[in-house]
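Report on the structure given below.
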Amino acid sequence: MFRTVSRVVPILLLIVFVATGVALVQSGHLTTDLAANDRLAAATGAQPGALEAQTSIPTYFGSLEVTKSRAVTPGVGGEVLEVFVEVGDLVEEGQELFRLDSTQLDWAVQRAEIALELARISLLEINEQSSEGELAVAQANLELAKTNLAKLDTGGVTEDELAATRASASAAWARYNELLAGPTEARLQQSRANVERAELAVTQAQRAYNEVAWRGDVGRTPQAANLQRVTIDLNVAQASYNEATQPARASEVQSALAAAHRAQHALNELEEGVSEVDRAVGRARVAAAEATVLRIMELTTSQKSAELRVSQALVNLEESQQRMDKAIVRAPLTGVVLSLNAVEGQVIGASSPAAVIGDPSALELVVGIPQDQVLTMSVGDPVRITRFGSDDISVQSTISKIAPISLPGKGNSTFPVTIRLPEDGTAQFNPGIFVSATFE
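FYI, the numbering for the sequence shown is 1151 to 1590, going by the working numbering.
Okay, structure coming up:
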């Protein structure tokens, strides 16, 4: 309907304007408005009565225009595969306007998923090579080795030092026995509680996500981001629980046993005296402890880098999914398609204006009123807008704006006068249709 009107508007406009002008002249429609004549004379500096007879306000014609519109840009570039609307169609917010070729975008999503999986595998491999607190233990062993070497070099041992060495040996053996015995019930309960809390958070986030899953941009909603976050938290809690329930790795047990033997040997040395061989062994232990600390620090750095790679991969995947969603371009608001530049088979840019959607409830008519007549008008004056060719379809409105600057033209200057239609009661008035404005 809108496209038919837009084709006949220029012809009807020419016919009506010509017919109106001829009718006004031949029928003697011109009348004298003395008050307007006096006001115009005062405005121009002429003496009252020196102006020609003024006409009564006639009916003017024009096309309705929207006052609220929004340009649509795809956000991603690509070939237009399918267009679902035409100019003049009424669309709902979120309705599909056209679809772009998403082959490259789909590949980007797949690459992002693969990169994320590889980053996670790398992180798991690094985690298996180190355990929580291993660096602290290695640093403590290094300090102990240095202290023991210093004592060996001086050859002096105090009762306090001897007591401390015994305590260290006891602690080392306690750590070794703890690894053999496995985790305590308290730790297991805490790990299970963490998993249950994480599962509850995922359930709640999933429920919130399901409420907005119908949206085309669901991947960009806070609910989707929250679901992803709590899912990661659940995986971390589950991994921690699995680690707590698994028996200690052989490497951990061997490391603890070696530490216990070193502590015991240090105690034995203090109790038995110091030899040159003992000093050489002490220096070797310091060197070995330093190498262990460096190795664990490198693993810690690698672990942090792997965690950052996982986080970056998650961001890349989310961005790829968001770009994938943009391959289907949707209406940003409910309205009428005023223009459409998307053509099937053509390539369109990410920031190219693909369409313009106008709000059909926000309409206005702008007509040019001659100077001698505009002086009789004021903002708020009543105007009846009638649909051309349908005298029974009309709506009452008022003048919303009178431009203070005239439009240049031949003869009498004209001033743009704007009539904004009310939002209620204008269902039969659409953008682009031809209407008449009768000033009452």
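Cβ atoms here follow ideal geometry from the backbone N, Cα and C, with glycine treated the same way. A quick note: this is a predicted structure, and the numbers were derived from the prediction, not measured.
Worksheet entry | Opening and closing residue of the beta strand (DSSP E) in which residue 1229 lies | 1228-1233
Worksheet entry | Under 8 Å between C-beta atoms of residue 1509 and residue 1252 | no
Worksheet item: Given a threshold of 16 other Cβ atoms within 10 Å of its Cβ, counted over all protein chains shown, does residue 1580 qualify as buried or as exposed?
Response: buried
Fill in: residue 1239 vs residue 1487 beta-carbon contact at 8 Å
yes
Worksheet item: Per DSSP, what kind of secondary structure is residue 1220 in: helix, strand or coil?
Response: strand
Discussion item. By the DSSP assignment, the beta strand (DSSP E) with residue 1515 in it spans what residues?
Written reply: 1513-1520
Worksheet item: How big is the Cα-Cα spacing for residue 1377 and residue 1273?
Response: 22 Å
Practice prompt. Ignore the nearest five residues each way along the sequence and tell me which others in residue 1476's own chain have a CB closer than 7 Å to its CB.
Written response: 1224, 1225, 1226
Worksheet item: Ordered along the chain, which non-local residues of its own chain (more than five positions away) have a Cβ less than 6 Å from that of residue 1387?
Response: 1344, 1345, 1348
Discussion item. Can you look up residue 1332 in the DSSP assignment and give me helix, strand or coil?
Written reply: coil
Discussion item. Less than 8 Å between C-beta atoms, sequence neighbours within five positions excluded: which residues of the same chain meet that for residue 1573?
Written reply: 1511, 1512
Discussion item. For residue 1266 and residue 1494, which I take to be in contact (beta-carbon distance under 8 Å), what is that distance rounded to the nearest angstrom?
Written reply: With 8 Å as the limit, residue 1266 and residue 1494 do not qualify as a contact, their Cβ atoms being about 35 Å apart.
Worksheet item: With DSSP run on the structure shown, which of helix, strand or coil describes residue 1563?
Response: coil
Discussion item. Once the 5 residues before and after residue 1530 are set aside, which same chain residues still bring their CB inside 7 Å of it?
Written reply: 1548, 1549
Discussion item. Do residue 1492 and residue 1211 count as a contact pair if the criterion is CB distance below 8 Å?
Written reply: no
Worksheet item: DSSP state of residue 1553, grouped into three classes?
Response: coil
Practice prompt. Mind reading off the beta-carbon distance from residue 1338 to residue 1394? Whole number of angstroms is fine, and I expect it under 8 Å.
Written response: 6 Å
Item to complete: With DSSP collapsed to three states, give me the class of residue 1396.
Response: coil
Worksheet item: Are the CB atoms of residue 1295 and residue 1459 nearer to each other than 8 Å?
Response: no
Worksheet entry | Residues that residue 1525 bridges to, as DSSP identifies them | Its beta-bridge partners do not exist; DSSP assigns none.
Practice prompt. Return the CA-CA distance between residue 1485 and residue 1241, expressed in angstroms with no decimal places.
Written response: 6 Å
Practice prompt. Can you have a look at residue 1522 and say buried or exposed, based on whether 16 or more other CB atoms are within 10 angstroms of its CB?
Written response: buried
Practice prompt. Under the assumption that residue 1536 contacts residue 1585 (Cβ atoms under 8 Å), give the Cβ distance between them as a whole number of angstroms.
Written response: 6 Å
Worksheet item: Going by other Cβ atoms of all chains shown within 10 Å of its Cβ, with 16 needed for buried, is residue 1366 buried or exposed?
Response: exposed
Item to complete: Mark residue 1336 as exposed unless 16 or more other C-beta atoms lie within 10 angstroms of its C-beta, in which case mark it buried.
Response: exposed
Worksheet item: Looking only at its own chain, which residues have a Cβ that is under 6 Å from the Cβ of residue 1497, when we skip the five neighbours before and after it?
Response: 1229
Discussion item. Tell me the rounded alpha-carbon separation between residue 1391 and residue 1381.
Written reply: 15 Å
Worksheet item: Are there 16 or more other CB atoms within 10 angstroms of the CB of residue 1161, so buried, or fewer, so exposed?
Response: In this prediction, residue 1161 scores a pLDDT of 40, lower than 50, which makes its location untrustworthy; the coordinate-derived value is nonetheless stated afterwards. Exposed, since its Cβ has fewer than 16 Cβ neighbours within 10 Å.
Worksheet item: Mapping DSSP to helix, strand and coil, what is residue 1371?
Response: coil
Fill in: Rounded C-alpha distance that separates residue 1604 from residue 1401
In the structure as shown, the chain starts at 1151 and stops at 1590, and residue 1604 therefore has no counterpart that could be examined.
Fill in: Continuous beta strand (DSSP E) stretch holding residue 1365: start and end
Premise fails: residue 1365 is in no beta strand (DSSP E) and is neither H nor E.
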